[in-house]
Amino acid sequence: GQQLNQSPQSMFIQEGEDVSMNCTSSSIFNTWLWYKQDPGEGPVLLIALYKAGELTSNGRLTAQFGITRKDSFLNISASIPSDVGIYFCAGQPINTGTASKLTFGTGTRLQVTL
Amino acid sequence: GAVVSQHPSWVICKSGTSVKIECRSLDFQATTMFWYRQFPKQSLMLMATSNEGSKATYEQGVEKDKFLINHASLTLSTLTVTSAHPEDSSFYICSARDNAALNTEAFFGQGTRLTVV
Chain A
494 GQQLNQSPQS
504 MFIQEGEDVS
514 MNCTSSSIFN
524 TWLWYKQDPG
534 EGPVLLIALY
544 KAGELTSNGR
554 LTAQFGITRK
564 DSFLNISASI
574 PSDVGIYFCA
584 GQPINTGTAS
594 KLTFGTGTRL
604 QVTL
Chain B
310 GAVVSQHPSW
320 VICKSGTSVK
330 IECRSLDFQA
340 TTMFWYRQFP
350 KQSLMLMATS
360 NEGSKATYEQ
370 GVEKDKFLIN
380 HASLTLSTLT
390 VTSAHPEDSS
400 FYICSARDNA
410 ALNTEAFFGQ
420 GTRLTVV
């Protein structure tokens with residue numbers, strides 16, 4: 494199935510640093526979602542974006558829905574060890590109605606060192 | 310957020326046997342649930358869309374006779390892996406959307422790790 498291009502694939506950062514990751518698509522999306530997945534667990538929703546240009550924050554996390562509707566970024570400020578995990582973007586394409594059929598990004602594996 | 314519960318969390322079965330995985334929405338009703346498969350260090354791949362009271366919609370390349378889906382109520386969908394083989398070993402995750410919610414975000418279960426030996 495289709496996947497979104499997410500970058501970087503992985504990153505090692507020091508505690509306290511800011512992190513930025515993004516997701517791009519060749520298709521237009523209605524909705525962009527950002528999830529975090531811990532090992533052996535299901536993804537947990539971090540931020541949901543519903544309008545082009547929308548900028549939304551959740552604590553130290555900030556995400557934006559690109560104006561072209563083909564991209565989104567997620568920023569994490571002042572990273573802490575518990576930020577470790579895999580971050581996935583997900584998009585709901587236009588014309589899937591209320592079915593909420595999501596396409597997932599390839600994931601960004603984040604490691605935070607002390 | 311809404312709670313989706315998956316059971317079991319892990320299962321080990323012998324090759325050739327069938328395994329049933331349950332996905333329940335605990336505090337909301339879900340007409341539609343989704344089943345994903347995730348291999349190690351890879352992203353989630355949608356297998357099928359489970360529709361309450363009707364047949365599931367399978368993604369291209371997913372065998373409907375091998376991965377049987379039943380969505381008999383607004384709070385429960387089951388995925389049965391029939392005649393499981395080692396290549397079916399994977400992490401299976403379900404998600405559901407609240408019928409009553411205005412937005413389209415989906416909530417995920419905790420996943421089921423299937424190991425076929």
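Heads up: the sequence lines are chains A and B, in that order.
Here our numbering is used: the first residue of the first sequence is 494, the next is one more, and so on.
Here our numbering is used: the first residue of the second sequence is 310, the next is one more, and so on.
Cβ coordinates follow ideal geometry from the N, Cα and C atoms, glycine included.
- From the DSSP output, in three-state form, read off residue 374(B) for me. coil
- Task: Please classify residue 591(A): is it buried, with 16 or more other beta-carbons within 10 angstroms of its beta-carbon, or exposed?
- Result: Residue placement at residue 591(A) cannot be trusted, given a pLDDT of 48 that sits under 50; the coordinates are not used to answer.
- Message: With a threshold of 8 angstroms on Cβ separation, who are the neighbours of residue 392(B) within its own chain once the five nearest residues in sequence on each side are excluded?
- Response: 325, 326, 327, 375
- So, is the C-beta of residue 549(A) closer than 8 angstroms to a C-beta in chain B? no
- CB-CB under 7 angstroms to residue 527(A), same chain, minus the five flanking residues each way: which ones, in chain order? 539, 540, 556, 567, 580, 582
- Would you say the segment 315-325 of chain B touches the segment 335-345 of chain B, given that touching needs at least three Cβ pairs under 8 angstroms? no
- Query: In the structure shown, what three-state DSSP assignment does residue 575(A) receive?
  - Reply: helix
- Item | DSSP-derived helix/strand/coil call for residue 564(A) | strand
- Would you say residue 358(B) faces chain A, with C-beta separation under 8 angstroms as the test? yes
- Would you mind stating whether residue 377(B) and residue 389(B) have Cβ atoms separated by less than 8 angstroms? yes
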